[in-house]
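>
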Amino acid sequence: MTAHLQQRGDVAVLVPAAGAGVRLGPGAPKALRLLGGIPLLVHAVRRLAGAPSVAVIVVAAPPDDVDAVRDLLAPAVAGLLLIVVPGGGDRQASVAAALAAVPAGPQIVLVHDAARALTPADLVESVAAAVRAGAEAVIPVLPVVDTIKTVDADETVLATVDRSTLRAVQTPQGFRRDVLAAAHVAAADPHTDDAGLVEKLGVPVVCVPGSERALKITRPFDLVIAEHLLGTEPSPRTLLP
Ligand code: CTP
Ligand code: MG
């Protein structure tokens, strides 16, 4: 394989992890809730660290837990640079805080939700590879399986959307560093993902196949699914180090 297709250590990953997890119910911030006895954030960072392209991980932590998160993650990131910063008031602010802390060097930046705790390292590599191959912005997607309808304020159906044109979007999302930085500088309103900001710049966003294992743990039922997935992971190497 040629050098431009596979290059080690040219990627920084931003991990927004400062959310409260309101939809998961009362308890610790979501990134610190346990799955199989291990915090979600540790699961997520272990898998990122298992992707050979990743050199730097910047975590936006709950502001009260910055030091605790640094200690918690240290054993999972041997050989990588770990930076932990206080997160912001919404996801976008947390990503912006993490982006500001990326050191000089990496020209590929991925953004990955801590809540997608079981995302395989292979997906991280495929997103990074697509950016390395020339894409300015890359998102992992899955087809939408449900029929989707728009409704009015009274929950009366307005229309049925053509499902074949819809995609469910996951993380990690990958960007050329300058493109992501420009998108955050230009950000005028809140977006739930970073590709949404990049789209506003008129930059093309490329899709790659996502993974059902990259589900976002949002509600209590998702924890049940994740617990099951944890017991069915295909390869022990995704659990290292
Ligand atoms: N996030 C963040 N900073 C915030 C809000 C969210 O870093 N102020 C992160 C979360 O930690 C999560 C990701 O953004 O990894 C996606 O957000 P979401 O799944 O909505 O998590 P929460 O905001 O924690 O959950 P909820 O909306 O139910 O409170
Ligand atoms: Mg949220």
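With numbering that gives the first Met the number 0 applied, the sequence shown corresponds to residues 0 to 240, in that order. Beta carbons: idealized from backbone N, C-alpha and C, even for Gly.
(1) Let's test the definition: count the other Cβ atoms within 10 Å of the Cβ of residue 227 and tell me whether it reaches 16, buried, or not, exposed.
(2) Once the 5 residues before and after residue 107 are set aside, which same chain residues still bring their CB inside 8 Å of it?
(3) Please state whether the Cβ-Cβ distance between residue 45 and residue 119 is less than 9 Å.
(4) Just checking, does the region 208 to 226 make contact with the region 137 to 146 on the three C-beta pairs under 8 Å criterion?
(5) Quick one: grab the DSSP three-state call for residue 219.
(6) Only counting the same chain, and skipping five residues up and downstream in sequence, which positions put a Cβ closer than 7 Å to that of residue 218?
(7) At what residues does the beta strand (DSSP E) containing residue 141 begin and finish?
(8) Just confirm the distance between the C-beta atoms of residue 178 and residue 202, as a whole number of angstroms; I'd bet it's less than 8 Å.
(9) From residue 30 to residue 195, what does the alpha carbon distance come to, in whole angstroms?
(10) At a cut-off of 8 Å, would you count residue 94 as near the ligand CTP, judging by its Cβ distance to the nearest heavy atom?
(11) Cβ atoms of residue 55 and residue 84: under 9 Å apart, would you say?
Taking the geometry as given:
(1) Here residue 227 is exposed: its Cβ has fewer than 16 other Cβ atoms, across all protein chains shown, within 10 Å.
(2) 9, 10, 11, 52, 127, 130, 131, 173, 174, 175 and 176, listed in sequence order.
(3) Remark: C-beta atoms of residue 45 and residue 119 do not approach each other more closely than 9 Å.
(4) Touching, per the Cβ criterion.
(5) DSSP places residue 219 in helix when its eight states are reduced to three.
(6) Same-chain partners within the cutoff: 22 and 23.
(7) Counting along the chain, the beta strand (DSSP E) containing residue 141 begins and ends at 136 to 142.
(8) With a Cβ gap of about 6 Å, residue 178 and residue 202 count as contacting.
(9) Each residue's alpha carbon lies about 23 Å from the other.
(10) At a cut-off of 8 Å, the beta-carbon of residue 94 counts as near the ligand CTP: some heavy atom of the ligand is closer than that.
(11) Their beta carbons are not under 9 Å apart, which means residue 84 does not touch residue 55 by this criterion.
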